[in-house]
Amino acid sequence: MSALSQEVFWSSSASTAVLALTIPPPFQLPAAHPHPGGLGDLRPSAEGLNALHAESGVQLVFLPGATPHSPLATLIPMGDDALSHIEAATRLWRAWHRRPAIRDTRITTQQRRRLRLMLQAADGRDHGASYRQIANAIYGETRVSADSWKTSALRDTVIGLVESAITMIGGGYLQLLRHRRRP
401 MSALSQEVFW SSSASTAVLA LTIPPPFQLP AAHPHPGGLG DLRPSAEGLN ALHAESGVQL
461 VFLPGATPHS PLATLIPMGD DALSHIEAAT RLWRAWHRRP AIRDTRITTQ QRRRLRLMLQ
521 AADGRDHGAS YRQIANAIYG ETRVSADSWK TSALRDTVIG LVESAITMIG GGYLQLLRHR
581 RRP
């Protein structure tokens with residue numbers, strides 16, 4: 401099976417979009433409980449049974465005793481990432497109740513664009529392209545040749561993209577799985 405078609409399961413300590421589901425206490429049993437349709441395969445792990453909910457983009461961990469067909473409650477640790485877990489739970493709840501989806505706010509549109517450019521720059525550098533060749537591929541030859549290359553802002557931008565990409569490839573990508581919140 402291709403790596404591109406594999407489901408990726410993150411540890412709950414790495415991603416705030418991993419929700420722990422458990423059985424609610426008897427005094428909070430819901431009158432009706434929706435069954436989480438749209439789940440991928442259940443895969444066992446040390447934490448419980450893992451599944452991806454495709455529509456919401458949320459990874460679920462069914463803690464021991466909980467199943468997709470039992471009444472469910474979300475376990476949200478009251479730490480620094482509580483709001484991120486609540487946002488993931490909201491996305492899941494909206495998908496289960498056929499409400500309009502809300503987007504995942506861990507990565508902004510601008511960050512997505514920069515990530516794409518970083519990947520392009522890193523790929524070019526890995527294939528032996530010079531910074532100028534990378535700039536031509538990303539920004540176009542006309543724009544690159546408009547200024548002196550040695551003092552060009554595009555040169556600094558491309559170097560920054562490559563350096564940032566190297567950091568991401570070295571493990572910095574894990575920060576993408578969390579919100580940046582101010583203390």
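Letter by letter, the sequence shown follows residues 401 to 583 of my numbering.
Beta carbons: idealized from backbone N, C-alpha and C, even for Gly.
Close Cβ partners of D481 (< 6 Å) along its chain, the five nearest in sequence each way excluded
Within the sequence shown, residue 481 is the residue found at index 81, counting from 1. These residues qualify, in order along the chain: T416.
Who are N450's beta bridge partners in DSSP?
One-based indexing of the sequence shown puts residue 450 at position 50. DSSP output for N450 lists R443 and V461 as bridge partner(s).
Under a three-way DSSP split, which group does T505 fall into?
Translated into the one-based positions of the sequence shown, residue 505 becomes position 105. Note: T505 maps to coil in three-state DSSP.
With L483 and L419 assumed to form a contact (beta carbons below 8 Å), what rounded beta-carbon distance in angstroms separates them?
Locating residue 483 in the sequence shown gives position 83, where the first residue counts as 1. Locating residue 419 in the sequence shown gives position 19, where the first residue counts as 1. In this structure L483 is not in contact with L419, their Cβ atoms being roughly 13 Å apart against a cut-off of 8 Å.
Is the CB-CB distance between L487 and T509 below 9 Å?
Mapped onto the sequence shown, residue 487 falls at position 87. Mapped onto the sequence shown, residue 509 falls at position 109. The amino acid at residue 487 is misidentified as Leu; the sequence shows Glu. Not in contact: E487 and T509 (Cβ atoms no closer than 9 Å).
What runs of the beta strand (DSSP E), each 3 residues or longer, lie entirely inside the segment 461-497?
Restricted to the segment 461-497, the beta strand (DSSP E) segments that are unbroken, complete and at least 3 residues in length are 473-475, listed in chain order.
Using a Cβ-Cβ cutoff of less than 7 Å, which residues in the same chain neighbour W549 once the five nearest sequence positions on both sides are dropped?
In the sequence shown, residue 549 corresponds to position 149, counting from 1. Excluding positions up to five away in sequence, the list reads R532 and R555.
Near F462, which residues of its chain fall below 6 Å by C-beta distance, leaving aside the five closest residues on each side in sequence?
Working through the sequence shown from its first residue, we reach residue 462 at position 62. Hits under 6 Å: L421, G448 and L449.
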